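A short worksheet on the structure shown next.
In my numbering, the protein residues as written are 14 to 328.
Next up, the structure:
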């Protein structure tokens with residue numbers, strides 16, 4: 014049973030998560046309190062949703078640095094559409110459509126013009142940040158209030174984490190048991206080989222850019238409903254790098270061809286446990302970056318060793 018568990022790609026991160034929960038609970042009895050679990054879920058949710066999109070891109074050999082800015086832009090599109098007289102849900106859909114167009118823009122430049130996605134999305138990062146600050150004039154606004162819609166879309170205590178778990182499950186099913194997921198892995202694993210056997214690698218990459226942007230925008234909208242405010246400086250590179258770090262710690266290879274949505278969720282959970290646990294223990298926020306860097310390195314070493322161990326076991 015133990016050998017079967019260790020063969021799973023997410024095994025190491027599950028062990029780390031359990032160990033951290035035990036440690037922080039013994040260090041501070043408030044760690045597993047209802048209030049702190051709610052706080053922890055809020056740390057996890059938005060980052061995990063973005064991480065799911067980043068995993069799909071990382072697996073096919075690309076990355077999106079602009080998703081944190083899309084996270085800030087989407088709620089403003091929803092807000093201005095609502096202010097113009099459109100129903101709130103229509104504004105939400107328009108916000109996600111704009112996000113999809115940003116992803117399409119990133120994908121076309123990367124795939125058709127052969128610009129590395131790191132450079133493409135770095136440019137888009139600044140472009141969208143400037144656009145968001147311009148249309149908002151740099152000031153936050155209150156999220157439109159429509160009762161039940163707000164509760165479902167993030168304002169209720171656990172609605173945001175429920176959305177994150179649901180998206181994680183759906184995306185893992187897409188990755189593991191659909192043609193799109195198979196072609197995504199094939200594209201990242203062997204681009205030339207995938208194209209030679211009939212995989213439309215351009216469509217796969219562009220589609221995953223669009224998916225990543227839509228998930229980033231949706232995460233931003235959920236967070237806006239949760240805190241009842243839309244901030245032009247929300248998200249940014251912090252949440253983007255946390256999402257990528259969660260994906261990497263959860264077993265997704267930066268070189269492409271290998272990854273898991275569930276692992277990214279668990280990686281995000283581990284980072285959130287560390288942040289929340291250190292806060293409860295009064296550890297300096299500066300120390301968290303040291304731990305984060307070490308965690309990424311240790312996770313990558315463990316993932317490489319476990320992969321080699323699994324491959325050796327198949328021989």
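We treat Cβ as the ideally placed atom computed from N, Cα and C, and that holds for glycine. Predicted model only: the values in this text are computed from it and were never measured.
query                                                                                                   : result
Three-state secondary structure assigned by DSSP to residue 124                                         : helix
Start-to-end residues for the alpha helix (DSSP H) that takes in residue 56                             : 47–72
CB contact flag (residue 266, residue 176, <8 Å)                                                        : no
DSSP state of residue 246 mapped onto helix, strand, coil                                               : coil
Residue 115 vs residue 285 beta-carbon contact at 8 Å                                                   : no
Bridge partner(s) assigned by DSSP for residue 109                                                      : Residue 109 pairs with nothing; no bridge assigned.
Test item: CB-CB of residue 112 and residue 230 under 8 Å                                               : yes
Check whether residue 75 and residue 137 have beta carbons under 8 Å apart                              : no
Extent of the continuous alpha helix (DSSP H) to which residue 178 belongs                              : 172–190
Through-space distance from residue 279 to residue 170, alpha-carbon basis                              : 21 Å
Residue 154 - DSSP class collapsed to helix/strand/coil                                                 : strand
When 87, 180, 77 and 153 are compared against residue 275, the one with the closest alpha-carbon        : 180
Secondary structure of residue 159, DSSP reduced to three states                                        : coil
Residue span of the alpha helix (DSSP H) that contains residue 232, given as start and end              : 214–240
Which of helix, strand or coil DSSP assigns to residue 75                                               : coil
Same chain, Cβ closer than 7 Å to residue 66, five either side skipped, listed in chain order           : 80, 224, 225, 228 and 229
Cβ-Cβ separation, residue 89 to residue 149 (assumed contact under 8 Å), whole Å                        : 6 Å
For residue 78 and residue 134, believed in contact at Cβ under 8 Å, the rounded distance               : 4 Å
Backbone CA spacing between residue 25 and residue 261 [nearest angstrom]                               : 12 Å
Segment contact flag, the region 84–99 with the region 301–311, C-beta cutoff 8 Å, min 3 pairs          : no
Sequence-distant residues of its chain with Cβ nearer than 6 Å to residue 130 (five each side left out) : 75, 76 and 123
The region 94–107 / the region 184–201 touching (three or more Cβ pairs under 8 Å)                      : no
Spatial distance of residue 256 from residue 270 (CA atoms)                                             : 18 Å
Residue 305 to residue 283 span [Cα, whole Å]                                                           : 10 Å
Where residue 137 falls: helix, strand or coil (DSSP)                                                   : helix
Helix, strand or coil at residue 271 [DSSP, three-state]                                                : coil
Three-state class that DSSP yields for residue 83 in the structure shown                                : helix
Pair within 8 Å by beta-carbon distance, residue 197 and residue 72                                     : yes
Close beta carbons around residue 243, own chain, < 7 Å, minus the five adjacent residues each side     : 88, 89, 92, 153, 154, 156 and 237
Inter-residue CB distance, residue 293 and residue 44 (contact presumed, cutoff 8 Å)                    : 6 Å
CB of residue 82 within 8 Å of CB of residue 248, strictly                                              : yes
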